[in-house]
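The working numbering numbers the first residue of the sequence shown as 587 and each following residue consecutively.
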Amino acid sequence: MFFSKIQKSLVSLCDYYKDYFSVGTALSRWTLFNKGIEQKLALKHFNEFVAENLTKPMFIYKDENTIDFTEADKYLKFCKKYNKKIRWHTLVWHAQMPKWIYYQDKECKELATKEMLEARIKKYIFAVMEHTKDYVSSYDVVNEPISDKTYKLRTEEDHSFWQKILGPDYVEKMFTWAHEANPNAELVINDYNIESTIGKREGMYNFVKEMLAKNVPISAVGLQMHISVNDPPVEQIEETINMFGELGLKVLVTEMDVSVYNFEDKERIEYTPELLEKQAQRYKEIFECFKRCAKKGYLTDVVLWGIMDNCSWKNDFPVPGRTDIPLLFDGKGKAKPSFYSITEE
587 MFFSKIQKSL
597 VSLCDYYKDY
607 FSVGTALSRW
617 TLFNKGIEQK
627 LALKHFNEFV
637 AENLTKPMFI
647 YKDENTIDFT
657 EADKYLKFCK
667 KYNKKIRWHT
677 LVWHAQMPKW
687 IYYQDKECKE
697 LATKEMLEAR
707 IKKYIFAVME
717 HTKDYVSSYD
727 VVNEPISDKT
737 YKLRTEEDHS
747 FWQKILGPDY
757 VEKMFTWAHE
767 ANPNAELVIN
777 DYNIESTIGK
787 REGMYNFVKE
797 MLAKNVPISA
807 VGLQMHISVN
817 DPPVEQIEET
827 INMFGELGLK
837 VLVTEMDVSV
847 YNFEDKERIE
857 YTPELLEKQA
867 QRYKEIFECF
877 KRCAKKGYLT
887 DVVLWGIMDN
897 CSWKNDFPVP
907 GRTDIPLLFD
917 GKGKAKPSFY
927 SITEE
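Structural data, given as C-alpha cells:
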C-alpha cells in the first residue's frame, strides 16, 4: 500500500539545494494526471519538471500537416500552474520519432530526400519553439547523437537516419534553426554515458568544441547520468562536468538515477540495508561533487529520471522481469537512506 500522505517533516529537496542548482524530475502520464503520492512528492521536492514521454516528437508530429500539442499542453499547463521550471525533451532523436518523417510517403518504402526531411524537421522545430517560448527554460535540441561504437555522430548502423539523409552537418542545422526560432532559449545537446565512458566523453567534447568554433548556438551539454552504485568514479564525473564547463557551456544532469546493478548484471540481488546504505553513500558523494561544480558556475540543473522506485524505467531494463531501486523514494513513497544522505546537515 502507498503512503496516503507524504512525509511532511522532510526538508524539500529543491529548497535544500536552492543556492546551488535546480532539482528536477521526470513526470510520467500517471504522475501528471493522478493526484496520488507520486504527484505530491513531485510538487514538494522538485522545482523543475521534464515530461517522460509527452513532448517526444512521435506523440506530437502526427503527419505532414498535423502538429498536435494537445497532450503536451497538459504537461505545460500543470508545470505553469505550480510555477515549475520546464524542460523540453526532445526535438530531434534517432528514437521515438514518427516513422513517416524519414520516408517519401505513408508506405514508408523509399527514404525521403534531403530537402524533404529538412523541410519537415525545420517546420517542427519552429512550431515547437514558437508554441512553447513563453514557458520552457531549456530544450534538448538533439538527443543521443554520439555513437557508442565510433564515438562520432551516429549513422544508420546506430539506428539513425539523420546523418544518412541530411549529412554530417545536421546537428549544426538543428541548433541553428532552434536559435532562429527562439534566440533566448537554452539549447542543449544531450547524451548518455558521457560521464561513464572516456572515449564517448572525448567524442562529445571534440564534437561540441568543433561546433562552438563554428559559432553553432549550443548553450549546454546534458549528461543523462544513468549510473550505478559502482561506476563511474565520482572523480570522473566531476572531471567531465569541469571539461564542458571550461568550454564556456552550462552543464545539466538531465536523467539521473543510481542503479544497484551494473549494466551487464543478469541476476537479481537482495535489497539489503547494506546495499541501501551503499547507494546512499554514492548519492551523497555525487551531490557533493555537484555542489562543487555549481559553485564554479558550471552545473545549473540536476534532474532525476523519476521519483519512486516502482515507477522507474530501470524496472525490466536491461533485464526483463527484474526490478531495480535507483531513486530517492521507495515503491510506497517513503524516503530512502539516499534521500537523507543528500539532505543531512
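All C-beta atoms, glycine included, are put in the ideal place defined by N, C-alpha and C.
It should be emphasised that the depicted structure is a prediction, and the values quoted were computed from it without experimental measurement.
Taking Cβ to Cβ, would you say residue i is nearer than 9 Å to residue j?
i: residue 796; j: residue 737; result: no
i: residue 780; j: residue 761; result: no
i: residue 624; j: residue 889; result: no
i: residue 662; j: residue 718; result: yes
i: residue 720; j: residue 675; result: no
i: residue 886; j: residue 608; result: yes
i: residue 909; j: residue 602; result: no
Considering Cα atoms alone, identify which of the options is closest to residue i.
i: residue 871; options: 758, 824 and 599; result: 824
i: residue 770; options: 731, 724 and 813; result: 724
i: residue 790; options: 740, 750 and 812; result: 740
i: residue 846; options: 865, 765 and 782; result: 865
i: residue 850; options: 671, 903 and 658; result: 903
i: residue 900; options: 812, 840 and 822; result: 812
i: residue 785; options: 835, 828 and 732; result: 732
i: residue 757; options: 701, 677 and 821; result: 677
i: residue 668; options: 632, 637, 655 and 648; result: 632
Straight-line CA distance for residue i to residue j?
i: residue 708; j: residue 848; result: 39 Å
i: residue 588; j: residue 861; result: With a pLDDT of only 46 at residue 588, under 50, the local geometry of the prediction cannot be trusted, and the value read off the model is given with reservation. Cα to Cα, the separation comes out at about 23 Å.
i: residue 694; j: residue 686; result: 6 Å
i: residue 759; j: residue 912; result: 36 Å
i: residue 799; j: residue 876; result: 28 Å
i: residue 744; j: residue 734; result: 8 Å
i: residue 763; j: residue 613; result: 27 Å
i: residue 805; j: residue 747; result: 25 Å
i: residue 697; j: residue 716; result: 28 Å
i: residue 856; j: residue 841; result: 25 Å
i: residue 926; j: residue 710; result: 43 Å
i: residue 618; j: residue 629; result: 11 Å
i: residue 660; j: residue 835; result: 31 Å
Check whether the Cβ of residue i sits closer than 8 Å to any heavy atom of the ligand SAH, and report yes or no.
i: residue 848; result: No copy of the ligand SAH appears in this structure; indeed no ligand is present at all.
If I'm right that residue i touches residue j with Cβ under 8 Å, what's the distance once you round it to whole angstroms?
i: residue 751; j: residue 703; result: 5 Å
i: residue 730; j: residue 688; result: Residue 730 to residue 688, Cβ: 17 Å. No contact.
i: residue 794; j: residue 838; result: Actually they do not touch by this definition, with Cβ atoms about 13 Å apart.
i: residue 879; j: residue 828; result: 7 Å
i: residue 830; j: residue 802; result: Rounded, the Cβ-Cβ distance is 15 Å, inconsistent with contact.
i: residue 671; j: residue 610; result: 7 Å
Three or more C-beta pairs under 8 Å: does that hold for the stretch 670 to 685 against the stretch 635 to 643? These segments touch.
Check whether the stretch 890 to 898 touches the stretch 916 to 929, counting contact only when three or more Cβ pairs, one atom from each stretch, lie closer than 8 Å. Under the three-pair Cβ rule at 8 Å, the stretch 890 to 898 counts as touching the stretch 916 to 929.
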